[in-house]
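J.: Residue numbers (the UniProt record's numbering): 1 to 115.
Using N, Cα and C, we set each Cβ at its ideal position, and we do this for glycine too.
All values derive from a computational prediction rather than experimental measurement.
One structure is given below, represented as structure tokens, and several questions about it will come after.
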């Protein structure tokens with residue numbers, strides 16, 4: 001099917017797991033603390049997050065340089081799930097939320113800050 005219709009299935013995207021945002025959120029907090037400290041050391045991201053970038057997580061992944069889009073599930077404010085599409089080339093994030101009124105804009109903006 002993919003050979004007959006090469007544009008049917010996007011090959012320039014990755015679907016991430018639900019742990020991805022947790023690693024990003026943790027790295028964002030660590031980076032903020034590092035920026036406020038008086039140390040001049042280089043910041044090092046966790047190995048768990050780097051595995052996503054290198055393509056070893058999730059299973060059968062590729063390095064991010066081979067992708068344009070990343071899709072990830074996010075759980076905000078307890079139990080509300082939505083999806084995000086991260087466009088690496090345009091540096092934009094699209095939020096797909098079937099219950100837009102469930103989370104107010106200020107809460108969503110604060111939640112999405114690490115991305």
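Three-state secondary structure (DSSP) at residue 21?
T.: The answer is helix: DSSP assigns residue 21 an H, G or I state.
J.: In angstroms, rounded to a whole number, what distance separates the CA positions of residue 45 and residue 104?
T.: Roughly 31 Å separates the two Cα atoms.
J.: Leaving out five residues on either side along the sequence, give the residues of the same chain with a beta carbon under 7 Å from the beta carbon of residue 95.
T.: Excluding sequence neighbours, residue 95 sits near 82 and 84.
J.: DSSP three-state label for residue 44, please.
T.: Three-state result, residue 44: coil.
J.: Out of curiosity, what's the CA-to-CA distance linking residue 39 and residue 110?
T.: Distance between the alpha carbons of residue 39 and residue 110: 27 Å.
J.: For residue 64 and residue 114, I'd like the C-alpha separation in whole angstroms.
T.: Going from the Cα of residue 64 to the Cα of residue 114 covers about 18 Å.
J.: With a threshold of 7 Å (Cβ to nearest heavy atom), would residue 21 be considered close to the ligand MN?
T.: The ligand MN is not part of this structure, which contains no ligands at all.
J.: Among the residues of its own chain, which have a CB less than 7 Å from the CB of residue 21, if the five just before and after it don't count?
T.: Result list for residue 21: 72 and 74, in chain order.
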